[in-house]
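Visitor:
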Amino acid sequence: MSMKTRLLQCVCCLLVVGGLSASAVLAPAESGLPADPAEAASGSSGVIIPAPSGSPWPTGSAAPAAPPEAPEVPGLDASTGAAAPADAAPSEAVPPAAPPADDTAQGDPLEGKPVVSSQGLGPAGVPGAWHLVFDEEFNTLNPGVWTPYWFNDCDPKSKMNGVKTCSSNITVANGEAVLQLSDSDSGALLSTNPKDGVSGHVGFQYTTGYVEARIYFPGTCSGGIYNWPAWWTTGQSYPKTGEIDIAEPLAGNMSTVYHSASGGELGSAIVGCWAGGYHTYGVHRMAGVNDIYFDGRKVYSYSSQDGNAPHYLLLNVGLNPNQRTFGPAGAIKVDWVRVWQ
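Note that this note's numbering has the sequence shown beginning at 10, numbered continuously upward.
1) For V292, which of G272, W283, T216, G171 has the nearest alpha-carbon?
2) Would you report the Cα separation of P330 and V298, rounded to the nearest angstrom?
3) Mark G316 as exposed unless 16 or more other C-beta atoms lie within 10 angstroms of its C-beta, in which case mark it buried.
4) Tell me the DSSP bridge mates of A186?
5) Buried or exposed: which applies to C22, given that a residue is buried once 16 or more other Cβ atoms fall within 10 Å of its Cβ?
6) Within the continuous beta strand (DSSP E) that includes S374, where are the two ends?
7) Secondary structure at A239, three-state DSSP: helix, strand or coil?
8) Got a sec? Which residues, its chain only, sit under 6 Å from R347 by beta carbon, not counting five neighbours each side?
9) Measuring straight from C-alpha to C-alpha, what distance separates E274 and W283?
10) Based on the DSSP output, what are the partners of Y321 in its beta bridges?
11) Could you check the C-alpha separation between Y311 and D300 for me, to the nearest Å?
12) V343: buried (16+ other C-beta within 10 angstroms of its C-beta) or exposed?
13) So, under 8 Å CB-CB, W349 and G131 are touching, yes? Tell me the CB distance rounded to an integer number of Å.
14) Counting pairs of Cβ atoms below 8 Å between the stretch 190–208 and the stretch 323–337, do you hit three or more?
15) Short of 6 Å in beta carbon distance, which residues of its chain neighbour Y235, apart from the five on each side in sequence? Order them along the chain.
16) Looking only at its own chain, which residues have a Cβ that is under 6 Å from the Cβ of W139, when we skip the five neighbours before and after it?
17) How long is the line joining the alpha carbons of I341 and G196, rounded to whole angstroms?
18) Note down the Cα distance separating R306 from I279, rounded to an integer number of angstroms.
19) Since D254 and A270 should fall inside the 8 Å C-beta cutoff, what is the C-beta to C-beta distance between them, to a whole number of angstroms?
20) Which word fits P4, buried or exposed, when buried means at least 16 other C-beta atoms lie within 10 angstroms of its C-beta?
21) From W155 to H210, what distance separates their C-alpha atoms?
22) Helix, strand or coil, according to DSSP, for S277 in the structure here?
23) Relative to the C-alpha of Y225, which candidate in Q214, P258, V308, V142 has its C-alpha closest?
24) Where does C230 land, buried or exposed, given buried means 16+ other C-beta within 10 angstroms?
25) Can you tell me the Cα-Cα spacing of H320 and G281, whole angstroms?
26) If you check the beta carbons only, do W237 and N148 fall under 7 Å apart?
27) Where do the N-terminal and C-terminal ends of the beta strand (DSSP E) with T149 fall, by residue?
28) Pull up the distance between the alpha-carbon of A182 and that of M295, whole angstroms please.
Structure (structure tokens):
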């Protein structure tokens, strides 16, 4: 074999080996495989999870292209920035009396554990083929989902439950949100209202499904729950769109209350000790009926009159003059908020 022939064979071998090496390096990039969804979701905050293809389930509302019209803004007069009349704002602005007791719920077996990260297959105690559409683990505060005040930060013209709502009274760390009263005039609120006028805030709303939060309410079994906290949902046109107070301690006693489109109220005090421990509080919102669940057990049920209008989520702490406790000792702690449909 001549030297020229041997050189030609070597060149061919190098080309073949080089081509194989190049294709081996490119293969993963060309595979088109998506990233692991579990990895993409880990460590996220305020995740709105897409429904399966072709699903009729709603997954939240996008922010409007233009600022909201004045009649749609609950609790504020858009023309002046002043607080709207009491009958135009959600009922949280006036402390109602505690309703009569109705039922006794069981305790949360994990109430002594601050943070529970397991999402499970669905809400406890409510059977069904559930799909998780919203998951807030409070690893960080997502400003695209949550606004940390009621329309205006620490503004005396936009109070809720008797106090200004100040972002400085909210901390998010170690997998939970902490809301506190700093003094008798300054509380805290988190809202997913997509029409609160805050730039870049998309928010979240739901119509039907199961909404639940795991919350620590401060206080003692003998003395009751401190301050005036609440976990609730409402719509854009109160009272027509109704208000669901899933868990609202009144005068230190745990209650659940529904404010109907007609202005009437349905509610019950929930017997038991709900202070000083973590518990889950949820509502199964259906067509014309709401079922309230505490720690996976149904404690109250009633007919609704709001047409299943879109509702946004709220957590807040206000002032109860007879149960006030300022600072961390009177703070509510929220482990997570989830919505299934």
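Ideal placement from N, C-alpha and C gives every residue a C-beta, glycine not left out. All figures in this text were calculated on a predicted structure; none of them were measured in a lab.
Guide: In brief:
1) T216
2) Cα-Cα distance, rounded: 34 Å.
3) exposed
4) The beta-bridge partner set that DSSP reports for A186 consists of V181, V343.
5) Summary for C22: the model assigns pLDDT 44, below 50, so the residue's position carries little reliability; its value from the coordinates is reported in the next sentence. Answer is exposed; the Cβ neighbour count stays below 16.
6) Limits of the chain in this structure are 10 at one end and 350 at the other, which puts residue 374 out of reach.
7) strand
8) D144, E221
9) 22 Å
10) Q214, T243
11) 7 Å
12) buried
13) 6 Å
14) yes
15) These residues qualify, in order along the chain: P227, G228, Q332, T334, G339.
16) G131, W349
17) Straight across, the Cα-Cα distance linking I341 with G196 is about 11 Å.
18) 12 Å
19) That pair is no contact at about 15 Å.
20) Residue 4 lies beyond the range of the chain shown here (10 to 350); nothing can be said about it.
21) Roughly 7 Å between the two C-alpha positions.
22) strand
23) P258
24) exposed
25) 28 Å
26) no
27) First-last for T149: undefined, no H or E at that position.
28) 34 Å
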